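Structure, as structure tokens:
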Ligand code: TYD
């Protein structure tokens, strides 16, 4: 079998050339990083969970008419996605204050925001993904004003969908990040949700207890990250079986 061509390797995923032009195979690794990769670990099963969860969210978004890059899941760790030009921005939507917003504005974690707030960070690991304004984005040409209108509309639709989905299983969607890509259909171009949507890129708190079920568990050493992600997957009805542990045979006495 011919070796696949690796296009890119990031902190949590590897991209390979897909079987047809315009497609990419997205492989989810078990690697977890935080604080711009200063903290690293391998969390067994995380890639499997994120592959399934991202499929679940992207498929749901597709079914309500939000365009995404997702085409189909290929196996436990890989999905086929549509190739696109990634806009070099991390698009963050916040419903409650947390993380960098709490620090910057001195807001207590969990403070409800008056309305969802959309923020942008420039995708640049060397600079630590700095916060940028629409003025920076327009002036440096990272996206056009028309793109920005589409990006805000997409981000808010994703927020409504994800907030409702999570609320239904007793989870509060505090904030999340998406990435958006550009695709060309003949003479037209449009923007689609790309990359991944998973507990790696969301803040998810149990509504009753406030327990964190996202990557903050890893960032803040709050317990088992794979248990937290498995809990999210179970509540959503994704992977009800113990599929994350399939790869590890155990001796039965
Ligand atoms: P934020 O509070 O700005 O940063 P941090 O996670 O470092 O405290 O993040 C807001 C949300 O966006 C949070 O759910 C994590 C997610 N996010 C990413 O997944 N990747 C990123 O590069 C950034 C900047 C945020």
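In the numbering used here, the protein residues as written are 3 to 255. Ideal Cβ placement from N, Cα and C applies to all residues, glycine included. Note that this is a predicted model, so its numbers are computed, not measured.
>> So, at 6 angstroms on beta carbons, what are the nonlocal neighbours of residue 75 in its own chain, with the 5 sequence-adjacent residues on each side left out?
In response: Hits under 6 angstroms: 57, 81.
>> Using C-beta distances below 6 angstroms, list every residue in its chain close to residue 201, excluding the 5 sequence neighbours before and after it, in chain order.
In response: So the qualifying residues of the chain are 216, 231, 234.
>> So, under 8 angstroms CB-CB, residue 71 and residue 79 are touching, yes? Tell me the CB distance rounded to an integer number of Å.
In response: That pair is no contact at about 17 angstroms.
> How do the stretch 90 to 104 and the stretch 175 to 191 stand: do at least 3 beta-carbon pairs fall below 8 angstroms, yes or no?
Replying inline: In short, these stretches touch, since the Cβ pair count reaches three.
>> For residue 28, count the other beta carbons within 10 Å of its own beta carbon; 16 or more makes it buried, fewer makes it exposed. Which is it?
In response: Residue 28 should be labelled buried.
> What did DSSP end up calling residue 158 once you bin it into helix, strand or coil?
Replying inline: Here residue 158 sits in helix by DSSP.
> So residue 33 and residue 13 are in contact, right, with Cβ under 8 angstroms, and what is the actual spacing, rounded?
Replying inline: About 6 angstroms; that satisfies the 8 angstroms criterion.
> Assuming residue 193 contacts residue 153 under a Cβ cut-off of 8 angstroms, what Cβ separation, rounded to an integer in Å, is found between them?
Replying inline: Yes, residue 193 and residue 153 are in contact; Cβ-Cβ is about 7 angstroms, under 8 angstroms.
> Tell me the DSSP bridge mates of residue 17?
Replying inline: 10, 28, per the DSSP bridge assignment.
> Is residue 183 helix, strand or coil when you go by DSSP?
Replying inline: In the structure shown, residue 183 sits in a strand (DSSP, three-state: E or B).
>> Check for me: the alpha helix (DSSP H) holding residue 97 runs from which residue to which?
In response: For residue 97, there is no enclosing alpha helix (DSSP H); the enclosing beta strand (DSSP E) covers residues 91 to 98.
> Should residue 176 and residue 205 be called a contact, given that it needs their Cβ atoms to be closer than 9 angstroms?
Replying inline: Residue 205 sits close to residue 176, with the two beta carbons spaced by under 9 angstroms.
>> Assuming the contact rule is C-beta atoms closer than 8 angstroms, residue 6 and residue 22 should be a hit. Round their C-beta distance to whole Å, please.
In response: With 8 angstroms as the limit, residue 6 and residue 22 do not qualify as a contact, their Cβ atoms being about 13 angstroms apart.
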